[in-house]
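See below for the structure under consideration.
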Amino acid sequence: MNRTTETSVTVIGLGLMGRALAAAFLKAGHATTVWNRTSSKAGPLVAEGARLAPTVGDAVKASPLTIICLTDYPAVRELLELLDASELAGTTLINLTSGDSAQARDTARWAGQRGARYLDGAIMAVPPAIGTAEAVILHSGPRPDFDAHKPVLDALGTATYLGEDPGLASLYDVAGLAMMWSVLNAWLQGTALVATAGVDAATYAPFARQLAAGVAEWLPGYAEQIDRGSFPAEVSALETDARAMEHLIAESEAAGVNAELPKLFKAMADRAIAAGHGGEQYPVLIEEFSRPGG
Ligand code: FVH
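Read in order, the letters of the sequence shown correspond to residues -22 to -1, 1 to 272 in mature numbering (1 follows the signal peptide of the UniProt record, and there is no 0).
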């Protein structure tokens, strides 16, 4: 197989996500080659017009661009190690497998040493959203490689470029996980609390949603404080917030609800107050978050 047309694309890894990626390429009219360790998973895609490559090397040679979406980076490296230099040289690999920034940078180095172009990526969407604008896919690595393949990447969703450091996409990905779990855990804390008064989750959810959206509005202003390194208490001082945390802990404990999460908030706030930041605004806690702990 040859790298025939500029817009042909290969997808390696046909799990839930890989199959959605390949299907979106096919739908957008791109000649699509696929490969998967368990070849039977390619059946429906082949029926829709995909070509199944017999080996991973043939798959990579079939297109100028190869998208990789496997379980994790060790699986990616195990697979890429099977390729010889002639299969890697000159091709572009975009690795959309989830991982951390060190794994991304290391894989970028590995690919570069073998003559391949490499972009790392992170998919901020579930498989059914792939192929719609809702599917934001983050990329990082050499800008010219992103620009060259953006017309093909557009078939998957909203292709977003973050910067030259190949670790950036994974870094945003894990930072997003912090946001997601923090919001969900806060919501669960509130849901457990209101349940002690007989309020069900569905009744509380709209209120919680409104609150979360309201708090999200504070972020740009708070971010300015962090970037300036100056935290004047324009709305509320940290020591005021810490007193409110005491109410949350007391209410949780009195109601027989888990108080671990509010105690964690409070411990961090107390440390910042002890360091003399009680009169400053909440984002001063960035200093607690920016050092090792836990
Ligand atoms: N599914 C989702 O909602 C998301 C959302 C955002 C990010 N991801 C990430 O995408 C990666 C793949 O996820 P997935 O959902 O497609 O995962 P699976 O359905 O479990 O498919 C895994 C594929 O990886 C292949 N594979 C695993 N190990 C190896 C290996 N050593 N050598 C070759 N291939 C390997 C596996 O092959 P097979 O089991 O079918 O033979 C699947 O193709 C992941 O990083 C998510 O975090 C998903």
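Just so it is clear, CB atoms sit at the ideal spot from N, CA and C, and this is done for glycine as well.
Given the structure is predicted, the values throughout are model-derived calculations rather than measurements.
For H117, the secondary structure class from DSSP, reduced to helix, strand or coil, is strand. In this structure D151 does not touch S64 by the C-beta definition: roughly 32 Å separates them, more than the 8 Å allowed.
Annotation for E229 indicates a beta carbon at 6 Å or more from all heavy atoms of the ligand FVH. The beta-carbon separation of L57 and L48, rounded to 7 Å, stays under the 8 Å limit for a contact.
Distances between the C-beta of L116 and the heavy atoms of the ligand FVH are all 6 Å or more. Within the same chain, I227 come within 8 Å of K241 by CB-CB distance, once the 5 residues on both sides are set aside.
When C-beta atoms of the segment 129 to 138 are compared with those of the segment 94 to 114, three or more pairs fall below 8 Å, so the two segments count as touching. Along the segment 149 to 232, the alpha helix (DSSP H) occurs as fully enclosed runs of 4 or more residues at 179 to 194 and 197 to 206, listed in sequence order. Each of V104, A86, P32 and G(-8) was checked against the Cα of S118, and the nearest Cα belongs to A86. According to DSSP, residue pairing for L71 in a beta bridge involves T44 and Y96. It is roughly 10 Å from the alpha-carbon of A247 to the alpha-carbon of T218. Non-local beta-carbon contacts of N14 in its own chain, meaning distances under 6 Å to residues more than five positions away in sequence, involve L(-9) and A20 in chain order. Here the alpha carbons of L216 and K244 stand approximately 10 Å from one another. Note on E258: 16 or more other CB atoms within 10 angstroms of its CB, so buried under the neighbour-count rule. In this structure, A170 is the residue among F185, A170 and H255 with its C-alpha nearest to the C-alpha of E231. Beta-bridge partners of R29 (DSSP): T11. Relative to the ligand FVH, E56 has its C-beta within less than 6 Å of a heavy atom. Between the segment 176 to 185 and the segment 99 to 109, the count of C-beta pairs closer than 8 Å stays below three; the two stretches do not touch. From the listed residues Y51, P42, D36 and D50, the smallest Cα separation to D62 is found for D36. In the DSSP secondary-structure assignment, A137 is bridged to I115. Short of 7 Å from the beta carbon of V213, and not among the five residues preceding or following it, lie these beta carbons of its own chain, in chain order: Q259. Residues of the same chain with a CB within less than 7 Å of the CB of P261, apart from the 5 flanking positions on each side, are Y200, Q203, I204 and F209 in chain order.
P122 and V34 have their C-alpha atoms some 26 Å from each other.
In the DSSP annotation of this structure, T(-13) is not part of any alpha helix (DSSP H); the continuous beta strand (DSSP E) holding it starts and ends at V(-14) to I(-11).
Distance from the C-beta of V24 to the nearest heavy atom of the ligand FVH is not below 6 Å. Following the DSSP letters along the chain, one finds L57 inside the alpha helix (DSSP H) bounded by residues Y51 to L58. With a threshold of 16 other beta carbon atoms within 10 Å, P42 meets it and is buried.
Judged by DSSP in its simplified three-state form, I108 adopts coil rather than helix or strand. Distances from the CA of G234 to each of L263, P270, R187 and Q167 were compared; the closest alpha carbon is that of Q167. T11 sits buried, since 16 or more C-beta atoms from the chains shown fall within 10 Å of its C-beta. Selection L30, H255, G68 and A25 evaluated against I(-11) yields L30 as nearest (Cα-Cα). Every alpha helix (DSSP H) of 4 residues or more that sits fully in the segment 227 to 265 is shown, in chain order, as 238 to 250.
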